[in-house]
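In the numbering used here, the protein residues as written are 38 to 224.
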């Protein structure tokens, strides 16, 4: 095996020695041309990847912007739908307030009951459901205990006795728990 010559001059600078290249078995001009060609290919590939990355980033920014617009619009539509459901209730409350002095109290109470029923229907149209409480077992998921009531029947222990404020559920989520008093058996 032949030795490779030192490729540095006295001052430590690299020098080309064709004889040394021949020992390795390469032609320096072909090798440089191949390397330059490969560098050019890699630079083109890098540029393509940069362009793809820039496009992907622009697509992501556009997607986020579009999603923000759509979420905002969805929220606006939900508010609009809610308001439209409530307008008839408000109209009927206005009618009750216009009842003439001296009107029959039963008529006024019946009007208020009708408005309440209409209001509950509007809530149901929005997907809101009431929480059934009285006579049911107390559940901290649906009820907020505001007091205890002593009961004589052991079966009423832990059962909701009174409801002071109705609870509501929307899409399976409690949006307001029912305020209740719960039976407590002291036996």
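Think of the CB as a built atom: it goes at the ideal place given N, C-alpha and C, for glycine as much as any other residue.
First and last residue of the uninterrupted alpha helix (DSSP H) at residue i
{"i": "residue 82", "result": "65-134"}
Contact under 9 Å by Cβ, residue i with residue j
{"i": "residue 206", "j": "residue 159", "result": "no"}
{"i": "residue 191", "j": "residue 164", "result": "no"}
{"i": "residue 168", "j": "residue 203", "result": "yes"}
{"i": "residue 174", "j": "residue 200", "result": "no"}
{"i": "residue 104", "j": "residue 156", "result": "no"}
Per DSSP, cross-strand counterpart(s) of residue i
{"i": "residue 216", "result": "181 and 202"}
{"i": "residue 171", "result": "Answer is none; residue 171 lacks a bridge partner."}
{"i": "residue 166", "result": "206"}
{"i": "residue 186", "result": "220"}
{"i": "residue 197", "result": "219"}
{"i": "residue 211", "result": "206"}
Same chain, Cβ closer than 6 Å to residue i, neighbours up to 5 away in sequence not counted
{"i": "residue 222", "result": "188, 191 and 194"}
{"i": "residue 181", "result": "214 and 216"}
{"i": "residue 151", "result": "none"}
{"i": "residue 148", "result": "133"}
{"i": "residue 118", "result": "none"}
{"i": "residue 212", "result": "205"}
{"i": "residue 198", "result": "186, 218 and 220"}
Nonlocal neighbours in the same chain, by C-beta distance under 8 Å from residue i, ignoring five residues either side
{"i": "residue 144", "result": "136"}
Sequence-distant residues of its chain with Cβ nearer than 7 Å to residue i (five each side left out)
{"i": "residue 58", "result": "Residue confidence for residue 58 is low, a pLDDT of 47 falling below 50, so the modelled location carries little weight and cannot support an answer."}
Contact the stretch 183-194 vs the stretch 216-224: 3+ CB pairs below 8 Å: yes
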